[in-house]
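**Student:** There's a structure below that I have some questions on.
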Amino acid sequence: MEDREVVLATVKKNGEVLKYGNAGGWRKDKEVMFEAIKQNKKLLKLVSTDLLQDSQFMLKCLQLSFPELATLESIDYSNKEIMMKIIQEFPFLFSLASNALRNDRDIVLAAVRNDGNLLRFASYLSDDKEIALVAVNTTGNALDYVSLPLKNDRNVVLAAVNQDGYALCYASHELKDDREIVLAALRQQGLALRFASEDLKKDRELVLTAVRQDGGALALASDELKSDQEIVLEAIKKDKNALSHASKELFHDKEFLLKTIKLGCKDVLQHAPKEFASDREFMLKVFSYNDCSDKELMLEAVKINGFALRFASPALRQDAELVMEALKCNGYVLQYSDELYQARMEHCYHNVYVGKNKETK
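Using the UniProt record's numbering, the first residue of the sequence shown is number 1, and each one after it goes up by one.
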């Protein structure tokens with residue numbers, strides 16, 4: 001948005017456009033921002049830091065929401081009555097409150113009821129348990145701003161992780177080893193397993209809870225539990241990409257591979273021993289779970305062992321890409337041709353192809 005007149009006309013109709021693209025520069029423009037705020041008062045949150053510090057501009061904007069401020073010549077951010085009204089409508093403006101009001105319990109409670117993270121502006125009250133509980137119940141990560149003693153308070157930390165599992169990050173070392181608290185966190189966010197103690201990362205029930213919430217949590221489990229079939233399969237049900245975090249030992253177990261294929265992990269064959277693709281009984285089971293005309297699965301199979309091409313549907317046996325991959329792998333083709341022979345020689349012998357021997361007369 002380059003033309004100022006165009007921008008003004010646009011924000012008068014839809015101030016939301018200032019949220020997107022390269023509109024950041026216009027958030028410093030008083031007239032543009034005022035027109036946007038007239039159209040949508042909540043857009044006051046978009047104004048630049050410089051405009052937030054402009055008392056006359058802020059008074060003009062706030063008068064749109066609070067007609068009773070019309071007689072004021074400037075805003076007194078130390079006036080408790082005025083700030084209480086402003087914070088209830090625009091909580092983020094708590095940051096503009098005077099130092100005295102930032103440590104006024106009533107004002108702080110009003111602020112953190114809307115956004116717990118506003119506790120960061122009230123450092124003198126970070127040890128107030130009532131305020132801390134209100135803050136973390138609103139925004140779990142507000143646990144970051146409570147005092148060290150409260151980060152070790154079970155009630156405060158439990159409330160925080162029940163609101164946001166990631167809040168476990170800010171708990172004391174002692175409470176990161178508290179099974180009840182970690183379990184509550186994992187029910188909200190499986191990846192919070194990252195912040196649990198090393199001992200609890202070995203707890204089978206906790207890891208199961210984590211991967212059922214987010215399959216990617218398998219990456220954070222102990223090596224032993226990455227070999228646990230039930231845990232790995234539960235992770236895959238949530239996120240097929242979790243397979244990449246499973247123990248390599250599991251890929252030598254045909255029954256495990258079949259279970260993963262049944263869950264839709266078509267690329268699992270690339271991790272399996274090559275001889276598995278030559279096992280007729282195994283491959284027939286693979287294709288009993290998936291249509292043998294499934295090109296994606298068949299492509300993975302022939303990359304491991306070209307002989308797997310014989311299990312493909314009649315149509316796929318003629319597929320040029322599949323035939324070429326089978327040929328590259330181990331020279332397997334269903335029907336000989338000079339063209340395919342040349343391709344095999346060039347692929348395996350660095351583009352060398354000697355051609356046919358000429359018959360001697």
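Note that CB positions come from ideal geometry on N, CA and C, so glycine has one too.
(1) In angstroms, rounded to a whole number, what distance separates the CA positions of Asp106 and Lys202?
(2) With DSSP run on the structure shown, which of helix, strand or coil describes Gln39?
(3) Please return the same chain residues whose Cβ sits closer than 7 Å to the Cβ of Ser227, not counting the five positions on each side in sequence.
(4) Just to confirm my understanding: we take Gln188, look at its own chain, exclude 5 residues before and 5 after, and list those with CB closer than 6 Å. What are they?
(5) Looking at Phe57: is its Cβ nearer than 8 Å to the Cβ of Leu51?
(6) Reducing DSSP to helix, strand and coil, say where Tyr20 ends up.
(7) Helix, strand or coil: how does DSSP classify residue 362 here?
(8) Would you identify the three-state DSSP class for Pro273, choosing helix, strand or coil?
(9) Could you check if Asn152 belongs to the surroundings of the ligand GTP, using beta carbon to heavy atom distance under 7 Å?
(10) Who are the near neighbours of Lys240 in its chain, counting only those whose CB is closer than 8 Å to its CB and skipping five residues on each side?
(11) Closest by CA to Gln39, which one among Leu243, Val11, Glu73?
(12) So for Lys12, helix, strand or coil by DSSP?
(13) From Gln270, Leu233, Glu275, Asp267, pick the residue whose C-alpha is nearest to that of Phe256; which is it?
(14) Helix, strand or coil: which one does DSSP assign to Asn152?
(15) Looking only at its own chain, which residues have a Cβ that is under 7 Å from the Cβ of Tyr124, when we skip the five neighbours before and after it?
(16) Classify Val47 as helix, strand or coil using the three-state DSSP reduction.
(17) Tell me whether Ala196 sits in a helix, a strand or coil according to DSSP, three-state version.
(18) Counting Cβ pairs closer than 8 Å, one from the segment 318 to 325 and one from the segment 294 to 305, do we hit at least three?
**Tutor:** To lay it out plainly:
(1) Position 106 of the sequence shown, counted from the start, is the residue given in the question as residue 106. Position 202 of the sequence shown, counted from the start, is the residue given in the question as residue 202. Near 44 Å, if we compare the C-alpha coordinates of Lys202 and Asp106.
(2) Numbered from its first residue, the sequence shown carries residue 39 at position 39. The answer is helix: DSSP assigns Gln39 an H, G or I state.
(3) Here residue 227 refers to the residue found at position 227 of the sequence shown. For Ser227, where only same-chain residues beyond five positions count, the Cβ hits under 7 Å are Ser247, Glu249, Leu250.
(4) Here residue 188 refers to the residue found at position 188 when the sequence shown is read from its first residue. Leaving aside the five residues that flank Gln188 on each side, the residues in its chain whose CB is nearer than 6 Å to its CB run, in chain order, Gly165.
(5) Within the sequence shown, the letter at position 57 stands for residue 57. Within the sequence shown, the letter at position 51 stands for residue 51. Between Phe57 and Leu51, the C-beta gap is smaller than 8 Å, which places the two residues in contact.
(6) Counting from one through the sequence shown, the residue named residue 20 turns up at place 20. Three-state DSSP puts Tyr20 in coil, outside helix and strand.
(7) Outside the shown range of the chain, which is 1 to 361, sits residue 362, and nothing can be said about it.
(8) Along the sequence shown, one-based indexing puts residue 273 at 273. In the three-state scheme derived from DSSP, where H, G and I count as helix and E and B as strand, Pro273 is classed as coil.
(9) Among the components modelled here there is no ligand, and therefore nothing to report on the ligand GTP.
(10) Looking up residue 240 in the sequence shown gives position 240. Gly215, Leu263, Gly264, Cys265, listed in sequence order.
(11) Counted from its first residue, the sequence shown places residue 39 at position 39. It is Val11 whose Cα lies nearest to the Cα of Gln39.
(12) Here residue 12 refers to the residue found at position 12 of the sequence shown. DSSP places Lys12 in the helix class (H, G or I) of the three-state scheme.
(13) Taking the sequence shown and counting its residues from 1, the one referred to as residue 256 is at position 256. Minimum Cα distance to Phe256 is reached at Leu233.
(14) For this step, residue 152 is matched to residue 152 along the sequence shown. In the three-state reduction of the DSSP assignment, Asn152 falls in the coil class, being assigned neither a helical nor a strand state.
(15) Here residue 124 corresponds to residue number 124 of the sequence shown, with the count starting at 1. Asn103.
(16) Your numbering for residue 47 matches position 47 in the sequence shown. Here Val47 sits in coil by DSSP.
(17) Walking along the sequence shown from the start, residue 196 turns up at place 196. Collapsing the DSSP output to three states places Ala196 in coil.
(18) Counting Cβ pairs under 8 Å, three or more are found: they touch.
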